[in-house]
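Taking it in order: structure first as structure tokens, then the write-up.
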Amino acid sequence: MYAMSFTTIVVIRIVCVCQTSDLVIRFQADAGHLVHVFDVFNVYGYTRRPFDKKVDWDVIWAHEYPFKTYADQIMFSDLKPHQKVNHFPGVGFITNKIDLATSDIKYVPPAFHMPQEKSKFFAFAEQYPHKLFVQKQNNHRGIKIKSIKELDFNSTGTFIQEYIDNPLLIDGYKFDIGVYTIITSIDPLRVYIYNGDILFRFCPEKYHPFNPDNIDKYVIGDDYLPTWEVPSLKKYYVDQGASMKVSVESHLKAQGRDATKIWDQLEDAIRVVCLEKESKIRNLMKNYKSKTNFFEMARFDFVVDNDLNVYIMEVNMSPNLSSAHYPQNRLLYEQVLFNLFAIVGLTHFERKESSMNMAVSTKNIVAYPGMCAKMNCDSCDSEDCLLCKPCMDSYTKVQLTNAYREYIDRHDCKRVFPPKFNPNFLNNSVDLSGYSLYTRLMYKWFKGKCIADTEWC
């Protein structure tokens, strides 16, 4: 094993009967942002100890992207089945702000990479002379509405993006929405959101009278206005103990507005982005022997306009999970982590096949027994036969086993992809031609489980 290329390495040992396991964590000298991560690992019996490359480990938790160097890539290229890493190789295709903003994806406001797309920007600005724009970098700093004369068209590593100038306001404050998203597999693609709550952050100053020189009116910074200080939400969040999501939903309902339109778009936007970027990540992961060792928890940040349309602003890899600035957020972060650990299997300690079969066996992953019994699958040429036991390869079996366990261990997580099925329209045809083979099989498998039991839909 190669030496790891980060500042501090910590190993956490799981204390369990008849076996020892280890968790390897990357972090800088100041690991305050990982306090709640450590706390939740402690709930499951983990304790930290110094790293020893000769000792087996279970999880690497890296705050930064862990595949930067060749040595890192070599180390992660041949992992053991039980070992987990909290990022996917190539996740930057989703989380890189320039790459996401300029991908021409639905739900992302038009953006132009500078300086190479300045001619496209000029054409767009001429077509829409009343639109406002902001210039951004990957670090999300220095965002401010500027006139076209103030924009720097030669600034490398920046992009100019349309500003959404009719934001939905609550008590006069603009806000953004953070949705914690969990990717458990790339090929086949499986995506979930933490559905127990959503992070709402409000600008510290009211939007009107609008002044583009005062960024506290329209940019969410570190010192944002929290939900519990917004008067119309306080009666739900503080007085009734509701979640942020339910508080906002209740407020909108009292105004005669349906928040379901927002929630549905949030899920669809996450699904669209992951499907758009999946092939690039999948192609990069060909350099890694196993595809089942990685998972991702990112936060998708959105703004909402006054017509309840949602727009993706950015996707944060390793989002802030520290409640040092806002102690009231502690429970949110711990519940996000608790649900994450469960659904990605960090709470499973069995390694022997006999004990793993106790949790999930072949009978649990059968989806189309009647169809498989009738079909001629002697040659396994038909794609549908690949979900039948005689034709199912070992990788498919592992992935279906993982998907079954995710269903059992999902807690407050909601599946975003494969999408929810309507039991009344299961016979409707869906074009799956743009998906990889294993993603098509996973889609069909969930559909088959839905046919057998609507709880799976």
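Just so you know, our numbering puts 248 at position 136 of the sequence shown, and the rest follows in order with no gaps. Yeah, the Cβ is synthetic: ideal placement off N, Cα and C, and Gly gets one too. Note that the structure is predicted; figures quoted are calculated from it, not measured.
Excluding the 5 residues flanking residue i on each side, which residues of the same chain have their C-beta closer than 6 Å to its C-beta?
i	result
T339	F312, L345, Y349 and M356
Q104	Outside the displayed range of the chain (113 to 569) lies residue 104, so it cannot be described from this structure.
K218	V384
A223	A213, T214, F271 and Q273
K362	It is worth fixing the name first, because residue 362 is Ser in this sequence and not Lys. Counting only Cβ-Cβ distances below 6 Å, and skipping sequence neighbours, we find Y348.
C500	C484 and C489
V331	I255
N418	N278 and L280
F406	V197 and F200
D309	S355, M356, K357 and L444
Y292	Y306, R411 and V448
F179	Q185 and P201
V127	Note on V127: pLDDT 35, under 50, position unreliable in the model; no value is reported.
Secondary structure at residue i, three-state DSSP: helix, strand or coil?
i	result
T181	coil
L191	coil
F558	helix
Y336	coil
S349	According to the sequence shown, residue 349 is Tyr rather than Ser. Helix, per DSSP.
F550	The displayed chain sequence assigns Tyr, not Phe, to residue 550. In the structure shown, Y550 sits in a helix (DSSP, three-state: H, G or I).
G482	helix
G157	coil
K318	coil
V331	coil
V342	coil
D299	coil
F150	helix
I186	helix
I563	helix
With a CB to CB cut of under 7 Å and the five nearest residues on each side skipped, what residues in its chain are close to residue i?
i	result
P316	D328, D335, Y336 and L337
V415	I276, P279, D288, Y423 and M425
C497	M487, C489 and C503
L544	R552 and Y555
A454	D521 and H523
Q511	S297, P300, Y550 and M554
E390	I298 and L301
For the beta strand (DSSP E) containing residue i, list its first residue and its last residue.
i	result
W169	Segment: none, W169 is in no beta strand (DSSP E) and carries neither H nor E.
I305	R302 to Y306
F205	Looking at the DSSP string, F205 is not in any beta strand (DSSP E); the run it does join, the alpha helix (DSSP H), is G204 to T207.
Can you name, in chain order, every residue of its own chain whose Cβ lies under 8 Å from the Cβ of residue i, other than the five neighbours on each side?
i	result
F450	V152, V155 and H523
T566	P535
D264	M226, Q247 and T270
D211	G204 and F205
N250	N208, K209, I210 and G269
L433	H145, L146, H148, V149, Y445, V448 and L449
Are the C-beta of residue i and some C-beta of chain B separated by less than 8 Å?
i	result
N208	Any reference to chain B falls outside this structure, which holds one protein chain only.
So does residue i have its beta carbon nearer than 7 Å to some heavy atom of the ligand NAP?
i	result
V478	The model on display carries no ligand, and the ligand NAP is accordingly not part of it.
Requested in this report: Starting from the N-terminal side, write out each stretch of the alpha helix (DSSP H) that is 4 residues or longer and does not extend beyond the stretch 210-285.
Outcome: Complete alpha helix (DSSP H) runs here, min 4: 230-239.
Requested in this report: Could you tell me whether the stretch 181-199 touches the stretch 392-408, where touching means 3 or more Cβ pairs closer than 8 Å?
Outcome: Contact between the stretch 181-199 and the stretch 392-408 is present: three or more C-beta pairs spanning the two stretches fall below 8 Å.
Query raised in the report: Considering only residues of the stretch 485-545, which uninterrupted alpha helix (DSSP H) runs meet the minimum length of 4 residues and lie entirely inside it, listed in chain order?
Result: Counting only runs of 4 or more, we get 506-520.
Query raised in the report: Counting pairs of beta carbons, one from the stretch 520-530 and one from the stretch 376-385, are three or more of them closer than 8 Å?
Result: Using a Cβ-Cβ distance cut-off of 8 Å, the stretch 520-530 and the stretch 376-385 are in contact, since at least three pairs of beta carbons, one from each stretch, lie closer than that value.
Query raised in the report: Is there contact between the stretch 482-491 and the stretch 411-418, where contact requires at least three CB pairs shorter than 8 Å?
Result: Short answer: they don't touch.
Query - alpha helix (DSSP H) runs contained entirely in the stretch 435-478, provided each spans 4 or more residues - result: With a minimum length of 4 residues, the unbroken runs of alpha helix (DSSP H) contained wholly in the stretch 435-478 fall at 442-455, 465-471 and 474-477.
Query raised in the report: Should the stretch 385-399 be regarded as contacting the stretch 248-262, the criterion being three or more beta carbon pairs within less than 8 Å?
Result: The stretch 385-399 vs the stretch 248-262: no contact.
Report task. Could you name each continuous beta strand (DSSP E) segment of 3 residues or more that falls completely within the stretch 347-428, going from the start of the chain to the end? Result -> Listed in chain order, the complete beta strand (DSSP E) runs (minimum 3 residues) inside the stretch 347-428 are 408-416.
**Report entry** Contact between the stretch 296-305 and the stretch 551-567 (3+ Cβ pairs under 8 Å)
**Finding:** The stretch 296-305 makes contact with the stretch 551-567; the number of CB pairs closer than 8 Å reaches 3 or more.
Report task. Indicate whether the contact test is met: 3 or more Cβ pairs, each with one atom in the stretch 435-446 and one in the stretch 514-521, closer than 8 Å. Result -> In this structure the stretch 435-446 does not touch the stretch 514-521; the number of beta carbon pairs closer than 8 Å is below three.
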